[in-house]
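In UniProt numbering, the protein residues as written are 1 to 283.
Notes for the one structure printed next.
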């Protein structure tokens, strides 16, 4: 009778070991657990799938922003007039920022917790450098051949709210999402120099009049995470960032245009490919 009782207890323990987490919301504890039989002995260790804690997290990231060609124009006083331009792409600037987010409970994919998903929402705040360099029609265009070499450097502060989907595998975690928000763009330096004509070699732009602008921001996000334990991860990420159009104005060079003249510049939009690396911590 005693042997039969122990056998029944062993069957119950085996069923518990195979049941896994009962709910999607439950975070698993230690990777390896042991179970004690009614007779006081220990069963063989049962290895449970590795899962990451859900909840609040924070991170820091940095990398590079590669600009894309975009259209714009400058409106100069006579005799130059309207000078359209297309920015050169591939100019690299720095990116650095912070993030704060919350990951919600998800569910397993299939019958095993080796693969599972969770949604998350996060707040991004980052600095972005932008450079707009171009060649437009020259002085007195189109009658006088030549070009105006234009270059503007901008500092941008971007804040977005992102919705993410995190997909966990036994090796890596993948995340995808979209963010929307706003940006503050400030011009740090500007020049527009004709390479020919009567004003060749002179900067057509004087002091800045309106060198700051707000813009709507939207970004697409895709990345991979490698978790170091249940709280820390390192990640690599690609983002495509779009900032809507902005307008700036400068005093015209009085030696070229006479006194009290203004140059206006319009950018249809700013877009950049961001390549980032960062560190994330789960609280």
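Virtual Cβ for every residue (Gly too), placed ideally from N, Cα, C.
Because the structure is a prediction, the values reported are computed rather than measured.
Beta-carbon spacing of residue i, residue j below 7 Å
| i | j | result |
| --- | --- | --- |
| residue 67 | residue 91 | yes |
| residue 135 | residue 124 | no |
| residue 281 | residue 231 | yes |
| residue 155 | residue 188 | yes |
| residue 101 | residue 116 | no |
| residue 269 | residue 87 | no |
| residue 220 | residue 59 | no |
| residue 217 | residue 182 | yes |
Other residues of its chain near residue i: CB distance less than 6 Å, five sequence neighbours each side excluded
| i | result |
| --- | --- |
| residue 237 | 223, 276 |
| residue 266 | 72, 73, 247 |
| residue 213 | 185, 246 |
| residue 65 | 93, 95, 128, 272, 274 |
| residue 30 | Interpretation of residue 30 is limited by its pLDDT of 40, a score under 50 that renders its predicted location unreliable; the figure taken from the coordinates is listed afterwards. Result list for residue 30: empty, nothing under 6 Å. |
| residue 99 | 59, 122, 124 |
| residue 170 | 114 |
Residue from the options whose Cα sits closest to the Cα of residue i
| i | options | result |
| --- | --- | --- |
| residue 200 | 207, 206, 192 | 192 |
| residue 137 | 196, 175, 171 | 196 |
| residue 120 | 133, 93, 57, 170 | 57 |
| residue 89 | 205, 234, 130 | 130 |
| residue 85 | 133, 258, 244, 174 | 133 |
| residue 253 | 263, 244, 245 | 263 |
| residue 261 | 65, 79, 118, 64 | 79 |
| residue 194 | 151, 108, 283, 118 | 151 |
| residue 198 | 147, 174, 233 | 147 |
Between the CA atoms of residue j and residue i - distance to the nearest angstrom
| i | j | result |
| --- | --- | --- |
| residue 103 | residue 165 | 9 Å |
| residue 229 | residue 127 | 30 Å |
| residue 210 | residue 255 | 21 Å |
| residue 47 | residue 157 | Caution applies to residue 47, whose pLDDT of 49 falls short of 50 and renders its modelled position unreliable; the model cannot decide the point. |
| residue 273 | residue 240 | 5 Å |
| residue 176 | residue 96 | 20 Å |
| residue 12 | residue 111 | At residue 12 the pLDDT is 44, less than 50, meaning the model places this residue with poor confidence and gives no usable figure here. |
| residue 235 | residue 172 | 10 Å |
| residue 159 | residue 62 | 15 Å |
| residue 206 | residue 75 | 14 Å |
| residue 258 | residue 215 | 33 Å |
| residue 250 | residue 114 | 59 Å |
| residue 202 | residue 208 | 16 Å |
| residue 82 | residue 161 | 38 Å |
| residue 153 | residue 283 | 38 Å |
| residue 226 | residue 180 | 26 Å |
| residue 174 | residue 204 | 49 Å |
| residue 178 | residue 109 | 23 Å |
Same chain, Cβ closer than 8 Å to residue i, five either side skipped, listed in chain order
| i | result |
| --- | --- |
| residue 271 | 67, 68, 70, 240, 241, 242, 243 |
| residue 77 | 252, 257, 258, 261, 262, 263 |
| residue 18 | Legend: pLDDT at residue 18 = 35, less than 50; position of this residue unreliable, value from coordinates given subsequently. Excluding residues within five positions, none has a Cβ falling inside 8 Å. |
Test: residue i CB closer than 7 Å to a CB of chain C
| i | result |
| --- | --- |
| residue 125 | Absent from the structure: chain C. Only one protein chain is present. |
Sequence-distant residues of the same chain with beta carbon closer than 7 Å to residue i, five excluded per side
| i | result |
| --- | --- |
| residue 118 | 54, 103, 104, 105, 106, 166 |
| residue 233 | 225, 226, 227, 280 |
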